[in-house]
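Heads up, the thing below is written out as C-alpha cells.
Residue numbers (this note's numbering), protein chains in the order written: chain R, 56 to 165; chain B, 4 to 118.
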C-alpha cells in the first residue's frame with residue numbers, strides 16, 4: 056500500500072534557486088528517508104530522519120519532519136543542473152521495510 | 004558506486020525465454036531486496052531476504068522466482084514473462100537491526116524488455 060506521497064509531481068527551476076519538495080504519509084513511522092534517482096539508474100540515499108528529529112542537514116540539503124502533520128520536506132539550496140533527478144520519500148508501512156512514493160521530478164535549468 | 008552490482012544492465016527476452024538477473028552486495032549487509040520500477044508507477048517491492056531467508060513476497064507472480072544462496076548474492080529467475088513485465092528491476096541491500104528500516108543501497112538496475 057502506498058504510504059508516502061510527494062508533492063509536487065514535477066518542479067522546474069532556474070539554476071541557483073532553491074527547490075522544495077514535500078512528502079505526506081499516513082501511518083506512524085520511526086524514520087523517513089529521502090532518495091534521489093537519475094534517469095534510468097538506481098536510487099541513491101540522501102538523508103534519513105528519525106521520528107524524534109525535526110530537522111537534518113547534509114550539505115545543500117535540508118530535511119524537516121513534522122510527525123503531528125505526518126509530513127516531511129526536502130529543501131535543496133542553490134540548485135545546480137546536476138541536481139536534475141527524481142526525488143522520493145520512503146517510509147515503513149506494516150511489514151514492508153520501505154514504501155516509496157511516486158516521486159518529484161526536478162528539472163534545474165542552467 | 005554504492006557497493007551493489009547488478010548484471011546484466013540490459014536484457015531483451017522473448018516470452019518463452021528463461022533468464023536470470025544477478026545482484027551482489029559488497030557491504031556486509033544482512034538484508035537484500037528486489038524492486039520493480041515501471042513507468043509512472045511507484046517503486047514496487049517484490050521480495051525481501053533477511054539472513055538469506057525470504058521474509059516478504061508481495062503477491063508476485065510465480066514467473067518470477069528469487070534465490071538467495073548467501074547473504075551477498077541475490078538472483079531473480081525469470082521464465083515465460085509477459086510484455087507488461089518490461090521494467091527496471093532494482094536490487095538493494097541494507098543492514099537491518101531492531102531500530103527500524105535502515106538505509107537501502109541500490110544497484111544500477113537491469114532494464115528488461117519482454118517482446
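Each residue gets a CB set at the ideal place from its N, CA and C atoms; glycine is no exception. These numbers come from a predicted model, not from an experiment.
Distance, residue j Cα to residue i Cα
i	j	result
residue 26(B)	residue 106(B)	17 Å
residue 80(B)	residue 58(B)	18 Å
residue 104(R)	residue 15(B)	39 Å
residue 104(B)	residue 147(R)	7 Å
residue 8(R)	residue 80(R)	Residue 8(R) lies beyond the residue range present for chain R, which begins at 56 and ends at 165; the question has no answer from this structure.
residue 40(B)	residue 165(R)	29 Å
residue 56(R)	residue 150(R)	Model confidence at residue 56(R) stands at a pLDDT of 45, short of 50, so the residue's coordinates are unreliable and nothing is read from them.
residue 159(R)	residue 115(R)	18 Å
residue 46(B)	residue 124(R)	24 Å
residue 161(R)	residue 24(B)	30 Å
residue 10(B)	residue 113(B)	7 Å
residue 109(B)	residue 94(B)	6 Å
residue 22(B)	residue 92(R)	26 Å
residue 74(R)	residue 56(B)	41 Å
residue 113(R)	residue 83(R)	24 Å
residue 5(B)	residue 95(R)	16 Å
residue 140(R)	residue 102(R)	16 Å
residue 66(R)	residue 73(B)	42 Å
residue 83(B)	residue 144(R)	33 Å
residue 121(R)	residue 42(B)	30 Å
residue 90(R)	residue 60(R)	13 Å
residue 48(B)	residue 63(B)	9 Å
residue 58(R)	residue 154(R)	6 Å
residue 12(B)	residue 85(B)	19 Å
Residues near residue i in its chain [Cβ-Cβ closer than 6 Å; skip 5 each side]
i	result
residue 52(B)	35 and 71
residue 32(B)	96, 97 and 98
residue 116(B)	15 and 89
residue 62(R)	77
residue 110(R)	119
residue 76(B)	27
residue 64(R)	none
residue 98(R)	90 and 92
residue 91(B)	40, 112 and 114
Spatial neighbours of residue i in its chain, beta-carbon cut-off 7 Å, leaving aside the 5 residues before and after
i	result
residue 17(B)	118
residue 67(B)	49, 79 and 81
Neighbourhood of residue i by C-beta distance below 8 Å, restricted to the same chain and skipping five residues each side
i	result
residue 108(R)	120
residue 86(R)	103, 104, 105, 106, 146 and 147
Exercise for review: Could you tell me whether the segment 70-88 of chain R touches the segment 132-142 of chain R, using the rule of 3 or more Cβ pairs below 8 Å?
Suggested key: Between the segment 70-88 of chain R and the segment 132-142 of chain R, the count of C-beta pairs closer than 8 Å reaches three or more; the two stretches touch.
Review point. Taking any Cβ of chain B, which residues in the segment 146-160 of chain R have a Cβ under 9 Å from it, in chain order?
Key: If the cut-off is 9 Å between Cβ atoms, the segment 146-160 of chain R has 146, 147, 150, 151, 152, 153, 154, 155, 156, 157 and 158 near chain B.
Practice item. Go through the segment 104-162 of chain R residue by residue and report every complete run of the beta strand (DSSP E) that reaches 3 residues or more, in order. Key: For the segment 104-162 of chain R, whole beta strand (DSSP E) runs of length 3 or above, ordered along the chain, are 110-113, 116-121, 126-131, 140-148 and 151-155.
Practice item. Anything in the segment 33-53 of chain B with a Cβ closer than 7 Å to a Cβ of chain R? List those residues in chain order, please. Key: Those would be 45, 46, 48 and 51, in chain order.
Practice item. Determine which residues of the segment 77-110 of chain B have a Cβ less than 9 Å from any Cβ of chain R, and write them out in chain order. Key: If the cut-off is 9 Å between Cβ atoms, the segment 77-110 of chain B has 91, 93, 94, 95, 97, 99, 102, 103, 104, 105, 106, 107, 108, 109 and 110 near chain R.
Practice item. Name, going along the chain, the residues of the segment 72-98 of chain R whose beta-carbon falls closer than 7 Å to a beta-carbon of chain B. Key: For the segment 72-98 of chain R, which is checked against every Cβ of chain B, the residues closer than 7 Å are 85, 86, 88, 95, 96, 97 and 98.
Point to revise | Short-range partners of chain D found in the segment 126-148 of chain R, where Cβ spacing is below 9 Å | key: In the displayed structure, chain D is absent; the protein chains listed are R and B.
Practice item. Can you check the segment 44-98 of chain B for any beta strand (DSSP E) of at least 3 residues that lies completely inside it and give the ranges in chain order? Key: List check, beta strand (DSSP E) in window: 47-53, 56-60, 67-73, 76-82 and 90-97.
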